[in-house]
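What follows is a set of notes on a single structure, which appears directly below.
Take a look at the structure:
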C-alpha cells in the first residue's frame, strides 16, 4: 500500500529564498541524510544566535503544499498535511513546565493522526506531520483546533507559524523518526463558540490570575482520564459541574466546545458516529443541567512531594532534586513550599508518566482562591531555613546520636576481634615451646644412643 507521505511538496534553497522552488518527494525528504553533517554541526552549537544563523541556510520545504513562489496566494496544490512544531522554549515559556520532554515522541506517536514525528534541526524540539482535508480555506481553522487540543489536553503549546499554508520546515533528520504510513485524517474544525443562555447576573470574570485556566484543565483531564465503562457517566458528571461553574462565573461558556473538541480528539476515530452523537448530547445536556445549580469550585487536593534541593528555574517552573533525579514542576501546580518539600496538585502528579515521588497519605486541600506559589519563600529555602528550626535540629541530633552509636559498636567489634587475635597468638606461642623442647630431647637421645652403642 502506498504511503500517505509519498506525495510532492515544494523545496527552497534556504529560508531567505522564496523564489525558484523545486519539487521533491516528501517521504524521500524525510528519509534523506544528505545534509546530516550540517545538522550535526548545528546541534553542537551552544550559541543560539549562531544556531539560528546556520539553520536559515539549510534547504527547506513547504510541507502543506506546492507553490510557484513562497506565499500563501501562490499555492498550486494543498498537500493534505499540516505540520506541528514542538519547541521547549515558546514565547510564553509554557513548555518549560513539561518535566518529561524526552517522552513526548513515544507518547504522541500513540496518536493515530500522527503521520511523522522526529527531531527538529536544533535537536532540542520535535516536529511532525498530521493529515488534514486538502482545504486551503480551512487550513488555519484546522491548526487552531490542533492548537487548542494540544494545549488543553496535554498542556503543550504549539508554535503558531504552521497555521500559514506557506510555513517552512528546514531540513532535519532523525534516525529514530516515527512513521505511520496509514495515519488517520484529522477532521476537527474550530467552530464559532455557541454561547449558552445563562443567568445574566452571573458573568464570567476572565481576570482570575490563571485560576480559571487551571480549573478548566482540571475538568478536561478528569474527563479524558475516565476508565472504560465509566466514561459516559464521567462526562455527564463533570459536564454538570462545568455548567454550575460557568453560571457561577468561574469558567467561560466556551468550555462546552472545549470539552466536545477534546472528546472528538480522543475518541473521534474510535467511537462510531451514533456513539459520538450520544456523547456530545450528554455533554451539552450535562452543562445545560448544571446551569440550574451555580456552584463554587471544589477544594484542590495536593500531595506532598519531598525534595533534596529546589531552584527557582523560570517564571513558569521550579527545578527540584530527589537524589540524582531532576524534575521540573509547573509553578501553577504548587500551593505550599516547606523546607524539605512542597504540596503539588494531585491531578498533575497522577497525569504525569514520570512524576516525582510523592507521599499519597500526606495531602492537604486548598481553597480555589488560594494562590499558587510563584517563587521560593526566602524563609523556607534550604539555604535559609529559619522558621520552626526545633524539629529540624531534633532530627539532626537524632541522626548524630544514631551515627555515634554505630561508631561505638564498630569500635567494640574491632577491640573484640583484636582480643581474639591476641589470644590466638598466645596459644600458638604455647604450642611452639613444647615443639622446641621435643626437638632438643630428640637430639640428646641420639647422642645417648651413640655413646652407649645402641
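Residue numbers (the UniProt record's numbering): 1 to 454.
Where is the CB? At the ideal position from N, CA and C, for every residue including glycine.
Bear in mind the structure is a predicted one, so any value in this text is a computation, not a measurement.
On a Cα-Cα basis, can you pick out the residue from the options that is closest to residue i?
i: residue 26; options: 71, 262, 65 and 18; result: 65
i: residue 63; options: 361, 408, 148 and 128; result: 128
i: residue 306; options: 337, 293 and 315; result: 337
i: residue 14; options: 410, 314 and 54; result: 54
i: residue 183; options: 229, 116 and 134; result: 116
i: residue 246; options: 327, 296 and 317; result: 296
i: residue 86; options: 345, 352, 59 and 120; result: 120
i: residue 124; options: 46, 330 and 67; result: 46
i: residue 122; options: 319, 141 and 169; result: 169
i: residue 37; options: 17, 112, 16 and 174; result: 174
i: residue 186; options: 135, 68 and 179; result: 135
i: residue 144; options: 154, 291, 189 and 224; result: 189
i: residue 156; options: 88, 223 and 130; result: 88
i: residue 239; options: 282, 217 and 228; result: 282
i: residue 16; options: 58, 356 and 130; result: 58
i: residue 360; options: 408, 302, 326 and 24; result: 302
i: residue 325; options: 219, 356 and 339; result: 356
i: residue 221; options: 252, 266, 104 and 179; result: 266
i: residue 216; options: 250, 230, 411 and 366; result: 250
i: residue 219; options: 142, 44 and 259; result: 259
Got a sec, what are the start and stop residues for the alpha helix (DSSP H) residue i sits in?
i: residue 265; result: 255-267
i: residue 149; result: 139-149
i: residue 276; result: 273-290
i: residue 106; result: 104-108
i: residue 471; result: Only positions 1 to 454 of the chain appear in this structure, which leaves residue 471 out of reach.
i: residue 49; result: 48-55
i: residue 234; result: 231-247
i: residue 37; result: 36-43
i: residue 26; result: 26-31
Whole-angstrom Cβ separation of residue i and residue j, contact assumed at under 8 Å?
i: residue 132; j: residue 82; result: 5 Å
i: residue 314; j: residue 372; result: Incorrect: roughly 15 Å between the Cβ atoms, too far for contact.
i: residue 335; j: residue 348; result: Actually they are not in contact, since the Cβ atoms of residue 335 and residue 348 sit about 11 Å apart, beyond 8 Å.
i: residue 287; j: residue 243; result: 4 Å
i: residue 234; j: residue 300; result: Between residue 300 and residue 234 the Cβ distance is about 19 Å, and since that is not below 8 Å, they are no contact.
i: residue 358; j: residue 291; result: Residue 358 to residue 291, Cβ: 36 Å. No contact.
i: residue 375; j: residue 312; result: 6 Å
i: residue 316; j: residue 330; result: 6 Å
i: residue 112; j: residue 61; result: Actually they do not touch by this definition, with Cβ atoms about 24 Å apart.
i: residue 104; j: residue 130; result: Not really, about 15 Å apart at Cβ, beyond 8 Å.
Note down the Cα distance separating residue i from residue j, rounded to an integer number of angstroms.
i: residue 172; j: residue 275; result: 41 Å
i: residue 51; j: residue 106; result: 26 Å
i: residue 363; j: residue 289; result: 32 Å
i: residue 261; j: residue 148; result: 9 Å
i: residue 177; j: residue 118; result: 5 Å
i: residue 214; j: residue 110; result: 26 Å
i: residue 75; j: residue 102; result: 35 Å
i: residue 255; j: residue 263; result: 12 Å
i: residue 385; j: residue 377; result: Because the pLDDT of residue 385 is 40, which lies under 50, any placement of that residue in the model is unreliable, and the number read from its coordinates should be weighed accordingly. C-alpha separation (whole angstroms): 10 Å.
i: residue 237; j: residue 354; result: 28 Å
i: residue 22; j: residue 30; result: 16 Å
i: residue 352; j: residue 298; result: 22 Å
i: residue 3; j: residue 28; result: 11 Å
i: residue 207; j: residue 280; result: Note that residue 207 scores 42 on pLDDT, short of 50, meaning its location in the model is unreliable; the coordinates nonetheless yield the value given after this. Roughly 29 Å separates the two Cα atoms.
i: residue 5; j: residue 322; result: 43 Å
i: residue 126; j: residue 32; result: 17 Å
i: residue 70; j: residue 56; result: 15 Å
i: residue 457; j: residue 268; result: Summary: the structure shown does not reach residue 457, with the chain confined to residues 1 through 454, and so no result is reported for it.
i: residue 464; j: residue 72; result: With the chain running from 1 to 454 in the structure shown, residue 464 is simply not present.
i: residue 152; j: residue 114; result: 18 Å
i: residue 20; j: residue 318; result: 48 Å
i: residue 320; j: residue 232; result: 38 Å
i: residue 369; j: residue 257; result: 25 Å
i: residue 421; j: residue 415; result: 10 Å
i: residue 40; j: residue 406; result: 54 Å
i: residue 536; j: residue 294; result: The structure shown does not extend to residue 536, since the chain spans only 1 to 454, so no value can be given for it.
i: residue 310; j: residue 137; result: 49 Å
i: residue 308; j: residue 400; result: 19 Å
i: residue 34; j: residue 252; result: 50 Å
i: residue 403; j: residue 409; result: 10 Å
i: residue 412; j: residue 43; result: 59 Å
i: residue 24; j: residue 272; result: 38 Å
Locate the beta strand (DSSP E) running through residue i, then write down its first and last residues.
i: residue 328; result: 325-330
i: residue 77; result: 75-78
i: residue 154; result: Neither: residue 154 is in no beta strand (DSSP E) and is coded neither H nor E.
i: residue 176; result: Unbroken run through residue 176: none, as it is neither H nor E.
i: residue 119; result: 116-119
i: residue 135; result: No beta strand (DSSP E) holds residue 135; DSSP gives it neither H nor E.
i: residue 65; result: 65-67
i: residue 360; result: 359-366
Between residue i and chain B, is there a C-beta pair that is closer than 7 Å?
i: residue 150; result: No chain B is present in this structure, which holds just one protein chain.
**OP:** Check whether the stretch 157-168 touches the stretch 68-86, taking contact to mean three or more Cβ pairs, one atom from each stretch, closer than 8 Å.
**Re:** yes
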